[in-house]
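Notes follow the structure.
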Amino acid sequence: MIRFLLKGLFRDRSRSLFPFLTVLVGVVLTVFLHAWLTGVISSLIQSTADFSTGHVRVMTRAYAKEADQVPNDLALLGIDTLIAELKHDYPDLLWTPRIKFGGLLDIPDEHHETRAQAPVSGLGVDLLSKQSPEWGILNIQNAIVRGRTPRNHGDIVIGDKLAMKLKIEPGDTATLISSTMYGSMSITNFVVVGTVRFGIVAMDKGTMLADVSDIQKALDMQHGAGEILGFFKDNLYHEGRANAVTAEFNNHTAAASEATQAKEASFLPVMGTLRTESGLSDYLDLVDVFSEVIIGVFLFAMSIVLWNAGLTGGLRRYGEIGLRLAVGENKTHVYLSLLTESLMIGTIGSAAGTAVGLALAYYLQVKGFDIGSIMKDSTMMLPNVVRAQVTPFTAVIGFFPGLLATFLGTAISGVGIYKRQTSELFKELET
Amino acid sequence: MIRFAFLAFVAMSLFNSIQTHSGDEILKKVDDNMFSETKIAESRMVIHGRRETRTVESKSWQRGTNESYTEFLAPARERGTKMLKLKDMLWEYSPSTDRTIMISGHLLRQSVMGSDLSYEDMMDDPHLPNMYSASIVSDDTLRGRECWVLDLKAKKGDIAYDHRRLWVDKIRFVPLKENLYAKSGKLLKTVDINEVMNVQGHWLAKSVLYKDVLKEGEGTEFYIDTVTLDVKIPDYLLSKAALRR
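Those protein sequences? They're chains A and B, same order as listed.
Number 48 in the numbering used here belongs to position 48 of the first sequence; there are no gaps in the numbering.
In short: position in the second sequence from 1, add 1000, done, that's the numbering used here.
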């Protein structure tokens, strides 16, 4: 029976080609859009985690309230003890201190006067200790454009564009003008040993990377850091575990805060997850909803199109169906045979659409799409080259809606079969 | 004769009344009281931050209102840091880097040593009559002293505080309190002069509490420990060369 129906579909292309193409296009779009969205969101999450929030982030309560303004006067102090405790209590995460800071990078001339100056957005990270996870997290080695990575105290790397703007070469001295954690002006000399390009507009515009101990000294925050970031060892964000770690840590410090005066309590540490700390929570929820909406709209639109195609096909096959009913074929049998045909078309169309969609997505996963020109003023931690991401779910996300849409379209249009009156069939066939 | 004396008394009273009720005149007298040709002062700033209290000590040399040189003496991290103001230019010298940085643009809004004072405050022309027109709002009593309350409105648009309210001691012509406002009317800073001293016939502030109301913390106490007026200040001290000496 199936072979019979298949032969019919192949031989009568007007019956199968349009529904097949409709399903194909719809499934291709769904697969491709899903892979693209997954890729963009993964890049955003990864970059945000690596450069900004980690998978979990520890700060003082006071700092957390104003974290966007990077209030280093409210930084964590005594971080060596805190990091040791975090490593002991949560060994499945890598813990590393970070100091974010802003300031001016001032380039002196031969008379120690200002030759050039530009604003910088700096990051103090652990670059000099042997067990530092930062080399892997920030991928610094691969980001070097000119010169080398920092090896000694006083070494810094800066964004390549910034170096070109300031007309400095590796080996030149640069003075950081910033503010200490007590609010005094901080003026510190560094040696620019290399230039970097992370491929993220928000980072590359005016970035400066230095060892955390040098920044502690420059900003008068000995044994202090604005933030301690925690990363899962596989460098993937596990939301459930992150929530559990955060809840446990915060419950522990909440108990301590009850025995502390209000002023001191505001300097107790508090932990947040990537989702809460990045400000991406609403955005990620929106993307989840958006993905569901895409599938829903696709399913609805395809069903309408295929219903319409079914009706057109039904009209065209009016005589055939009438004859089949006239010779005694059961209405349900005819209806079921149409549904079976639709399932066949749906299966073939969805499989072909998934294959084409996956191929396109994979191409974009490998090659990427450069959105640097669009993102030039962006502050989002999104790479310049955005890639699609093919996951196991991408392979099935279009298939079942494709199948269901064809089935629904035929199921609705095929209902007309039951409205045909057997007594009037011969009369209909004569005309 | 009695009638003439009475009329003369009324006329004098009216004249005095007009004299004392002119805000600009009071401001001029404040200016005359507070300024000297030169001034050398040693001072302390007790800065109450959100976390801890720090004391910053400095010595400054001032000639007129356009030239001043300040050297920070303590704490150890700030020792040797110098600041030079020449007309509308301000430089800071950092001994650890041997760099002289010109403070301009948004750096002017940065706090001086983490205090409630900004570099912009230091750049303001301290001759208030040059910058503001004054009117008397009311009389008040502050720390037992009779005061005029003056409203100062900026004559130009490009100054840090568009509007000030000043409490001036009626006898000593020294301000005892000041509120500084933005153009929008928002209160930005308060200045409370808690103690005054008489130096060579001038009534000067000895203990002042500055409070940037936009910052958390309990403000910055400013103490003048020693002050000498009208002494010669060598020219080399008020030059950029002095910064690296």
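Ideal placement from N, C-alpha and C gives every residue a C-beta, glycine not left out.
For the options B/ARG1245, B/MET1045, B/TRP1167, B/ASP1125, the alpha carbon positioned closest to that of B/LYS1087 is the one of B/ASP1125. Contact between the segment 26-41 of chain A and the segment 379-399 of chain A is present, with at least three C-beta pairs closer than 8 Å.
Taking a C-beta cut-off of 9 Å against chain A, the contacting residues of the segment 1035-1059 of chain B are ILE1047, GLY1049, ARG1050, ARG1051, GLU1052, ARG1054, VAL1056, listed in chain order.
Going by beta carbons, B/LYS1183 and B/LYS1211 fall outside the 8 Å limit.
For B/TYR1181, the closest alpha carbon among the candidates B/ARG1143, B/TYR1093, B/SER1104, B/TYR1132 is that of B/TYR1132. A/GLY26 and A/SER337 have their C-alpha atoms roughly 24 Å apart. Here B/LYS1085 is buried. Its C-beta has 16 or more other C-beta atoms within 10 Å. Chain-order list of chain B residues neighbouring A/PRO269: empty, with the shortest C-beta distance near 15 Å, by a criterion of under 8 Å. Of all alpha-carbon atoms in A/MET181, A/ILE137, A/ILE107, the one lying nearest the alpha-carbon of A/ILE158 is that of A/ILE107.
The C-beta of A/PRO108 comes closer than 8 Å to at least one C-beta of chain B. Spanning the alpha carbons of B/ILE1224 and A/GLN141 requires a straight line of approximately 54 Å. Between the segment 119-129 of chain A and the segment 214-223 of chain A there are three or more C-beta pairs closer than 8 Å, enough to call the two in contact. Residue-level contact by beta carbon holds for A/ASN189 and chain B, with a gap shorter than 8 Å. Within the segment 164-180 of chain A, THR175, ILE177, SER179, THR180 place their CB atoms closer than 8 Å to a CB of chain B, listed in sequence order. As DSSP reads the structure, B/ARG1063 sits in a beta bridge with B/THR1038, B/GLU1067. Along the segment 60-84 of chain A, the positions whose C-beta sits under 8 Å from a C-beta of chain B are ALA62, ASP73, LEU74, read in chain order. Legend: CB atoms of the segment 112-135 of chain A lying less than 8 Å from CB atoms of chain B belong to residues HIS112, GLU113, THR114. Contact annotation: B/MET1122 and B/LEU1090 have beta-carbon atoms nearer than 8 Å. In this structure, A/ASP160 lies near A/ARG197, with their beta-carbon atoms less than 8 Å apart. Taking 8 Å as the threshold, the shortest C-beta distance from B/THR1220 to chain A does not fall below it. A/ARG98 has its alpha-carbon roughly 46 Å from the corresponding atom of B/ARG1063. Put simply, of B/SER1068, B/ARG1165, B/GLU1037, B/THR1097 the residue whose alpha carbon is nearest the alpha carbon of B/LEU1237 is B/SER1068.
DSSP places B/SER1239 outside any alpha helix (DSSP H), giving it a letter other than H or E. Using a Cβ-Cβ cut-off of 8 Å, A/ASP214 does not count as an interface residue toward chain B, since no Cβ of chain B sits closer than that to its own. Any Cβ of chain A closer than 8 Å to the Cβ of B/SER1239 would place that residue at the interface, and such an atom is absent. Taking the C-beta atoms as reference points, A/LYS233 is found nearer than 8 Å to A/LEU94. Neighbours of B/MET1197 across chain A, judged by C-beta separation under 7 Å, do not exist; the nearest C-beta is about 28 Å away. Under the DSSP assignment, A/TYR237 falls outside any alpha helix (DSSP H); it carries neither an H nor an E label.
Within the segment 8-77 of chain A, the runs of alpha helix (DSSP H) at least 4 residues long that lie entirely inside it are, in chain order, 13-48, 61-65. Here the alpha carbons of B/LEU1107 and B/ASP1158 stand approximately 16 Å from one another. If the five residues before and after A/LYS165 are omitted, its C-beta is found closer than 7 Å to the C-beta atoms of ALA118, all from its own chain and listed in chain order. Taking the Cβ atoms as the reference, A/ALA255 lies roughly 10 Å from A/LEU268, outside the contact range of under 8 Å. Its chain contains ASN384, VAL386 as the residues whose beta carbon lies nearer than 7 Å to that of A/ILE371, once the 5 sequence neighbours on both sides are disregarded; these appear in chain order.
Annotated as proximal: A/ILE187 and A/ILE177, with beta-carbon spacing under 8 Å. A/GLY103 and B/ASP1140 have their alpha carbons spaced roughly 45 Å apart.
Out of A/SER281, A/VAL356, A/LEU21, A/GLY226, the CA that lies nearest to the CA of A/ALA35 is found in A/VAL356.
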